Structures are given as C-alpha cells and as structure tokens.
Amino acid sequence: MAAGCLERGTGCTWARRGKKEREKEKEGEGDAAPCSSRLCRARHRPPFPSGRPSAGERPPALPAPPPAPPRSRRQGGGGPAAPSRAAYLTPRRGSPHSLSLLAMPNIVLFSGSSHHDLSQRVADRLGLELGKVVTKKFSNQETSFYRRKYGLTAKGRCLLYGKSCVVMRAICFVEIGESVRGEDVYIIQSGCGEINDNLMELLIMINACKIASSSRVTAVIPCFPYARQDKKDKKGSVERWSRAPISAKLVANMLSVAGADHIITMDLHASQIQGFFDIPVDNLYAEPAVLQWIKENILEWRNCIIVSPDAGGAKRVTSIADRLNVEFALIHKERKKANEVDRMVLVGDVKDRVAILVDDMADTCGTICHAAEKLVSAGATKVYAILTHGIFSGPAISRINNASFEAVVVTNTIPQEEKMKHCPKIQFIDISMILAEAIRRTHNGESVSYLFSHVPL
Numbered sequence: 001m002a003a004g005c006l007e008r009g010t011g012c013t014w015a016r017r018g019k020k021e022r023e024k025e026k027e028g029e030g031d032a033a034p035c036s037s038r039l040c041r042a043r044h045r046p047p048f049p050s051g052r053p054s055a056g057e058r059p060p061a062l063p064a065p066p067p068a069p070p071r072s073r074r075q076g077g078g079g080p081a082a083p084s085r086a087a088y089l090t091p092r093r094g095s096p097h098s099l100s101l102l103a104m105p106n107i108v109l110f111s112g113s114s115h116h117d118l119s120q121r122v123a124d125r126l127g128l129e130l131g132k133v134v135t136k137k138f139s140n141q142e143t144s145f146y147r148r149k150y151g152l153t154a155k156g157r158c159l160l161y162g163k164s165c166v167v168m169r170a171i172c173f174v175e176i177g178e179s180v181r182g183e184d185v186y187i188i189q190s191g192c193g194e195i196n197d198n199l200m201e202l203l204i205m206i207n208a209c210k211i212a213s214s215s216r217v218t219a220v221i222p223c224f225p226y227a228r229q230d231k232k233d234k235k236g237s238v239e240r241w242s243r244a245p246i247s248a249k250l251v252a253n254m255l256s257v258a259g260a261d262h263i264i265t266m267d268l269h270a271s272q273i274q275g276f277f278d279i280p281v282d283n284l285y286a287e288p289a290v291l292q293w294i295k296e297n298i299l300e301w302r303n304c305i306i307v308s309p310d311a312g313g314a315k316r317v318t319s320i321a322d323r324l325n326v327e328f329a330l331i332h333k334e335r336k337k338a339n340e341v342d343r344m345v346l347v348g349d350v351k352d353r354v355a356i357l358v359d360d361m362a363d364t365c366g367t368i369c370h371a372a373e374k375l376v377s378a379g380a381t382k383v384y385a386i387l388t389h390g391i392f393s394g395p396a397i398s399r400i401n402n403a404s405f406e407a408v409v410v411t412n413t414i415p416q417e418e419k420m421k422h423c424p425k426i427q428f429i430d431i432s433m434i435l436a437e438a439i440r441r442t443h444n445g446e447s448v449s450y451l452f453s454h455v456p457l
C-alpha cells in the first residue's frame with residue numbers, strides 16, 4: 001500500500017520512494033518513518049490502520065514532529081541549544097560593569113584602529129567581546145580589511161601561507177573569519193590621529209560588513225571628522241567663498257554610500273550636520289557627564305560662572321548654566337585666520353568667581369588660553385576648561401602648561417594617554433557608558449532621549 005505524507009501529500013520524498021525502501025524504514029506495521037526531506041519534519045504512517053477508510057474511522061494522530069535544531073547566527077546553525085530569554089538577562093561573568101548592562105544576542109561590535117581603549121570600555125560595559133578585526137596596509141599604503149581566521153600574526157607571519165606569503169600581495173587579506181550574516185553590527189571609529197586613514201578604514205569596514213549580509217551596520221563615531229567644515233568660510237575674498245568646500249557633507253555622503261544604516265556621534269560641531277545625512281543620526285551630548293564632573297570635583301561650583309569662548313557656544317553654556325542654576329558669560333573673538341585669534345571681548349562679570357570655560361573642541365588651544373588670560377585679568381579666582389573633544393595638535397600642550405588653568409578636562413572621545421603624560425593639567429571624563437547605553441538602546445529598539453539629560457549608572 002502506498003502511503004502518502006499527511007503533511008505534504010504526494011510531494012513528500014518519503015511517499016515517492018519504492019515499497020522495499022519504505023518497508024526497510026518501518027519497524028512494524030503502522031510504525032512511523034521519518035521524511036528524508038529537509039523541508040518536511042513530519043513522521044509518516046499509513047493514513048488508516050485498515051489500509052482504506054471505513055465508516056466512522058479517522059486517521060490516527062501523528063506523533064509530534066522532532067524539535068527543529070537550534071540555529072545560531074554566529075555559528076551558522078546546528079550549534080548548541082539556543083539560550084533562553086533568562087540566559088540573556090544574566091550578566092557576563094567577570095565583566096567590571098556586569099550589573100549595569102546585560103548581554104545581548106545577534107550583535108557584533110568591531111573596533112577600528114583609532115581608539116581601541118574606548119572600544120574595549122564599551123564592550124566591557126555591554127558584556128560583549130570585540131570582533132577580531134585586523135587592518136593592515138599594503139606597501140603602497142592602501143588599507144585592507146580582514147578578520148583573524150586568516151591574516152598576519154603580531155610578528156608579520158601569515159597565518160595561512162606562513163613565511164612564503166608576501167605582505168604586499170592581497171592573496172590572504174580578504175578572508176572573512178566569522179559570519180556577520182543577519183547580525184546587528186556596530187563599528188567604533190573616532191575621527192582622530194591620522195584622520196584620513198581612519199576615515200578610509202571605517203568606510204572599508206562598513207562596506208565589508210554590508211556585503212557580508214549583515215542586517216544593519218551602525219557607525220559609532222565619537223568625534224566626527226571634518227565637522228568644522230560645515231559651511232563655506234566667509235573669511236577672505238568673495239571669490240574664495242564660492243570655491244570653499246563643505247567637507248562635512250562629503251563625509252556624510254561617503255558614509256551613506258559605503259553602506260552605513262545609522263550614525264551615532266557625540267557633540268557635533270554644528271547640529272545641522274545631522275541634516276547632511278539621509279540616514280538616522282543620533283547626536284549624543286557630553287553635557288550630563290560634564291555636570292556630574294563639575295559637582296564632584298569643583299567645591300565652589302555654586303559660586304562659578306560658565307563661560308563660552310566664542311559666540312557659537314552660547315547655547316551650550318546657557319544650557320549648563322541653567323542646569324547648575326548659575327550665571328554665564330560670553331567672550332567674543334575675532335580671528336585673523338584659522339587657528340589665530342586677533343582680539344577678545346568679555347561680556348559678563350567674572351570677578352571673585354570660579355570661571356569654567358566650556359567648548360566642544362580644542363585644537364591648538366590658542367582660543368582657550370587667550371580666554372583664560374582674559375578671565376584672570378577680569379578677576380576670576382580659578383579657571384577650568386571643559387572640552388568634549390581634545391584634539392591638542394601643534395603647540396597645544398605647551399600652551400596649556402604655560403596657561404593659568406587649574407585643570408583642562410576633556411572626554412575620551414580621542415585618546416589622551418600620551419598627552420596626559422606631558423601635561424599634568426589634562427584630565428578626562430569617561431563617556432564609554434553613554435556610548436554603550438546608546439548602542440544597547442538602539443539594538444533593542446528603545447529611545448535614546450534619556451541620555452540627553454542623564455548619565456547611565
């Protein structure tokens with residue numbers, strides 16, 4: 001008697017087999033036999049015990065199909081049993097912040113070469129391991145991207161071809177060592193150091209993950225590169241205005257074309273840069289962390305005054321002053337050319353008060369050092385500088401050492417370890433918990449507006 005599959009009918013591969021093959025798979029009359037089709041997990045038996053239907057007779061109930069094998073995206077399926085929801089609510093053992101954030105499934109965190117320490121802090125905060133990404137350059141300085149399954153050891157030995165591999169050839173640089181198919185990928189790369197190389201490295205990493213079928217690629221850029229070139233410069237002749245580039249818009253286009261689906265950054269030099277993108281942009285603020293540092297480290301903060309070194313930062317200092325319930329002042333500056341200040345005019349009373357200079361970034365530190373001198377000459381008892389992005393290029397370190405600052409406080413959106421060795425006045429505020437919480441909320445589809453006014457615990 002030919003028995004058909006009650007689930008797939010005559011299209012089932014078991015039903016199409018010969019009588020002898022079916023009998024070999026049966027342990028006895030009426031026993032169920034598995035379907036060989038990967039798409040059908042039904043168990044089979046003759047439709048009716050008597051071989052053909054009779055009055056009032058119903059087909060016997062099929063036994064429950066075997067459970068589908070668990071499929072782990074990171075392992076390509078067929079791995080160990082998938083963890084339950086309770087398992088995801090258990091913090092990773094050994095994590096220094098295991099009580100703050102919880103491990104998450106289907107997420108991959110990669111770090112660029114610009115700021116590995118910040119990336120590691122974010123990964124520890126999330127209870128995750130950083131993806132093993134290695135970036136090397138060809139002999140002509142082209143950047144290559146590959147993962148650790150194939151590549152180079154710390155001594156330059158090829159893991160695949162050994163000593164016979166020539167580094168300047170691309171034969172072993174394109175292998176992907178782990179799957180990101182269907183994963184939520186986050187790439188942390190700050191716009192610091194060798195900015196052009198790091199930007200190109202970020203674009204290559206985004207594109208490599210995108211063409212590897214990741215579900216979403218988010219670029220976490222704590223310090224956005226070329227953010228100061230957000231408009232045509234009005235300095236110089238009128239003819240030069242029309243030929244000035246808007247490089248921030250160009251960077252936005254490059255990130256979108258590379259395949260980025262989402263951007264997370266911090267304290268953009270100009271908020272309108274978010275409008276350069278056609279993809280979602282979350283511009284986080286260091287203000288909550290700055291307020292916390294002021295209250296914890298400046299004893300006279302109730303008698304302080306918040307000062308903006310230029311007119312562009314007026315909105316930033318008024319927000320901080322309102323949160324602290326103190327007054328604010330403004331310094332109007334006129335520049336001869338980029339990175340050179342001609343003169344400054346102080347608007348506000350700072351006499352016998354602690355002055356706190358607040359700005360989004362400092363490059364050569366000419367502005368804040370001139371502002372500190374102006375504040376001291378106006379009667380300020382102490383002068384602090386709090387900056388989100390401490391670039392500190394050129395003579396910045398020597399200027400800070402010679403200036404009358406009590407402390408210059410920056411966030412760690414840019415590595416500061418080497419600069420702190422040469423300048424004891426530099427201190428940093430860790431913002432890794434803000435980035436980690438933003439990643440967690442983005443991955444889980446939650447709102448990030450809480451981070452605009454609070455520091456995660």
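Just so you know, we're using UniProt numbering here: the sequence shown kicks off at 1 and counts up by one.
For each residue, glycine too, the CB sits at the ideal point set by N, CA and C.
Computed from a predicted model, the values in this text were never measured in an experiment.
query	result
Short of 7 angstroms in beta carbon distance, which residues of its chain neighbour Asn207, apart from the five on each side in sequence? Order them along the chain.	Ala258 and Gly259
Just how far apart, CA to CA, sit Ile107 and Asp184?	5 angstroms
Give me the residue from Leu126, Val180 and Ser398 with the minimum Cα distance to Arg441.	Leu126
How big is the Cα-Cα spacing for Cys365 and Ser213?	44 angstroms
Report the rounded CA-to-CA distance for Ile431 versus Arg243, giving the unit in angstroms.	38 angstroms
Let me know the secondary structure DSSP gives Met104 once reduced to three states.	coil
For the stretch 282 to 289 against the stretch 325 to 335, do three or more pairs of beta-carbon atoms, one drawn from each stretch, fall closer than 8 angstroms, so that the two count as touching?	no
What is the rounded straight-line gap between the Cα of Cys369 and the Cα of Arg181?	50 angstroms
Could you tell me if Glu437 is buried or exposed, where buried requires 16 or more neighbouring beta carbons within 10 angstroms of its beta carbon?	buried
Where does Ile211 sit, in a helix, a strand or coil, going by DSSP?	coil
Would Ala396 be called buried (16 or more neighbouring beta carbons within 10 Å of its own) or exposed?	buried
Out of Asp310, Ile414, Ile439 and Val358, state which residue places its alpha-carbon closest to the alpha-carbon of Leu346.	Asp310
For the alpha helix (DSSP H) containing Val317, list its first residue and its last residue.	Ala314 to Leu324
How many Å lie between Val220 and Gln229 at the Cα?	20 angstroms
Determine whether the beta carbon atoms of Leu435 and Pro225 lie at a separation below 8 angstroms.	no
Specify the secondary structure class of Cys365 as computed by DSSP and reduced to three states.	coil
Around the C-beta of residue 469, are 16 or more other C-beta atoms found within 10 angstroms, so that it is buried, or is it exposed?	Absent from the model: residue 469. The displayed extent of the chain is 1 to 457, so no value can be given.
Under the rule that 16 or more other beta-carbon atoms within 10 Å means buried, what is Phe452, buried or exposed?	exposed
Answer with buried or exposed for Ala321, where buried requires no fewer than 16 other C-beta atoms within 10 angstroms of its C-beta.	buried
Where does Lys382 fall in DSSP's three states?	strand
Please list the segments of the beta strand (DSSP E) lying wholly inside the stretch 240 to 299, counting only runs of 3 or more residues, in order along the chain.	262 to 266 and 281 to 284
Could you work out which residue in Gly131, Met344, Ala372 and Asn297 is closest to Leu109 when comparing CA atoms only?	Gly131
Assuming the contact rule is C-beta atoms closer than 8 angstroms, Pro456 and Met433 should be a hit. Round their C-beta distance to whole Å, please.	5 angstroms
Rounded to a whole number of angstroms, what is the C-alpha to C-alpha distance between Cys192 and Val326?	34 angstroms
Buried or exposed for Arg343, please, with buried defined as at least 16 other CB atoms from any protein chain shown within 10 angstroms of its CB.	exposed
Could you give the C-beta distance for Ile273 and Asp261, rounded to a whole number, given that I count them as a contact under 8 angstroms?	Not a contact, Cβ separation roughly 18 angstroms.
Give me, in chain order, the residues of the same chain whose beta-carbon lies closer than 7 angstroms to that of Lys295; leave out the 5 immediate sequence neighbours on both sides.	Trp301
Just how far apart, CA to CA, sit Arg353 and Glu417?	31 angstroms
Please determine, among Glu406, Cys423 and His269, the residue with the shortest C-alpha to C-alpha distance to Glu373.	Glu406
When you compare only the Cα positions, how much space is there between Asp124 and Lys351?	45 angstroms
Pull up the distance between the alpha-carbon of Leu255 and that of Asn196, whole angstroms please.	13 angstroms
Are there 16 or more other CB atoms within 10 angstroms of the CB of Leu118, so buried, or fewer, so exposed?	buried
Could you give the first and the last residue of the continuous alpha helix (DSSP H) run that contains Ile400?	Ala396 to Asn402
By the three-class DSSP mapping on this structure, what secondary structure does Lys132 have?	coil
Can you check whether the CB of Ile306 is closer than 8 angstroms to the CB of Val383?	no
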